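Colleague:
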Amino acid sequence: MAVRAMIFDIAATLPPHHHVGRVEESTKWGQPSYATPDTKSATPIRLGLSKAGDPAIFTHCQSTVMRDFRDLAAPNLNFDGNRAVYLPNNYPPKLDEFAPLIRADLTYRL
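Heads up: the sequence shown at position 40 corresponds to 39 in numbering that gives the first Met the number 0, and the numbers run straight through without jumps.
(1) What does the alpha-carbon distance come out to for the pair Ala11 and Ala34?
(2) Thinking Leu48 and Leu105 are a contact (beta carbons under 8 Å), I'd like their distance in whole angstroms, please.
(3) At the level of alpha carbons, what is the spacing between Asp8 and Ala72?
(4) Unbroken alpha helix (DSSP H) runs of length 4 or more, entirely within the segment 19 to 60: which are they?
(5) Going by DSSP, what residue range makes up the beta strand (DSSP E) through Ala83?
(6) Near Asp95, what residues of its chain come up, given a Cβ to Cβ distance below 7 Å and the 5 sequence neighbours on each side ignored?
(7) With distances taken Cα to Cα, identify the nearest neighbour of Arg102 among Val64, Leu46, Glu23, Met0.
(8) Quick one, which of Asp53, Ala41, Phe57 has its alpha-carbon nearest Trp28's?
(9) Cutting at 6 Å between CB atoms, please list the residues of its own chain near Ala83, excluding the five before and the five after it.
(10) Got a sec, what are the start and stop residues for the alpha helix (DSSP H) Phe7 sits in?
(11) Between which two residues does the beta strand (DSSP E) holding Asp95 run?
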């Protein structure tokens, strides 16, 4: 639930030139999904589990946000191509390292 709160917090604190509007929460493929229906600025963010049961943040695999985030991320993070990043066992203490990914997702089309 900490990642969910972070999505809403980041959306609310973006500067005016990155206004994304309201964040809508829905369920896609059985997972919580977050989009910006009014501005359509975001590429959808989904929260779920990997096949191995690890918590993960998923993005649209044809967007560039995961690839760009991988270039900035700590080397100890595990990725599933351009689709997902797995949350380490020590989260939420290091959860803020995912803020750039959430910000990029929310503002992808701006």
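Cβ coordinates follow ideal geometry from the N, Cα and C atoms, glycine included. Note that the structure is predicted; figures quoted are calculated from it, not measured.
Modeller: This is what the structure holds:
(1) 14 Å
(2) Not a contact, Cβ separation roughly 22 Å.
(3) Roughly 21 Å between the two C-alpha positions.
(4) none
(5) 83 to 85
(6) Within the same chain, Asp95 has no close Cβ partners at all.
(7) Scanning Val64, Leu46, Glu23, Met0 for the CA closest to the CA of Arg102 turns up Val64.
(8) Phe57
(9) Ala55, Phe57
(10) Taken as a continuous stretch (DSSP letters only), the alpha helix (DSSP H) holding Phe7 covers 1 to 12.
(11) Here Asp95 belongs to no beta strand (DSSP E), and DSSP marks it neither H nor E.
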